[in-house]
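So the structure is just underneath, and the comments pick up after that.
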Amino acid sequence: RPEFYNRIDQVVTFRALSEPVILEIARKELRAVALREGFVKLGLKIEFDESVAKLVADVGFDPRYGARPLQRAIEMRVVGPMARWMIANQARDQAIRVEVVAGELKLSR
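Counting in this note's numbering, the sequence shown runs from 17 upward without gaps.
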């Protein structure tokens, strides 16, 4: 309708996110997780393997919703298991490597 069309200032075209872009977003979000205040206060230096970014990108991407589910995937698949591991192992002042082995998250010192 002309009255609606005349109210539009600019048209922005969005393209679907590609796999490399989703993977880079996953890496960025994982770097942010490693810098969270709780981990820093405990003196933990967290290193995420590329397999973790790949897992999160695969699970946290939906063609319909894009990267919106990524944060939830990170919280459920990475942060939750990390927190349980840290409590069980009383992790403090150490480097922790996080990787995916046989589809499961594996943390090691």
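Positions of the beta carbon are idealized from the N, C-alpha and C atoms, including for glycine.
Item, Value
"Span separating the alpha-carbon of Y81 from that of A32", "10 Å"
"Beta strand (DSSP E) runs contained entirely in the stretch 65-117, provided each spans 3 or more residues", "110-117"
"For L58, the nearest candidate out of R113, S124, D109, K122 (CA to CA)", "D109"
"Continuous beta strand (DSSP E) stretch holding L123: start and end", "120-124"
"Three-state secondary structure assigned by DSSP to L39", "helix"
"Rounded straight-line distance, which links the Cα of P97 to that of E120", "10 Å"
"L10, DSSP secondary structure in three states", "One cannot answer for residue 10 here, as it falls past the ends of the chain, which runs 17 to 125."
"Same chain only: Cβ atoms within 7 Å of E115, ignoring 5 sequence neighbours per side", "D65, S67, V68, K122"
"Distance between G76 and P85 (C-alpha atoms, nearest Å)", "5 Å"
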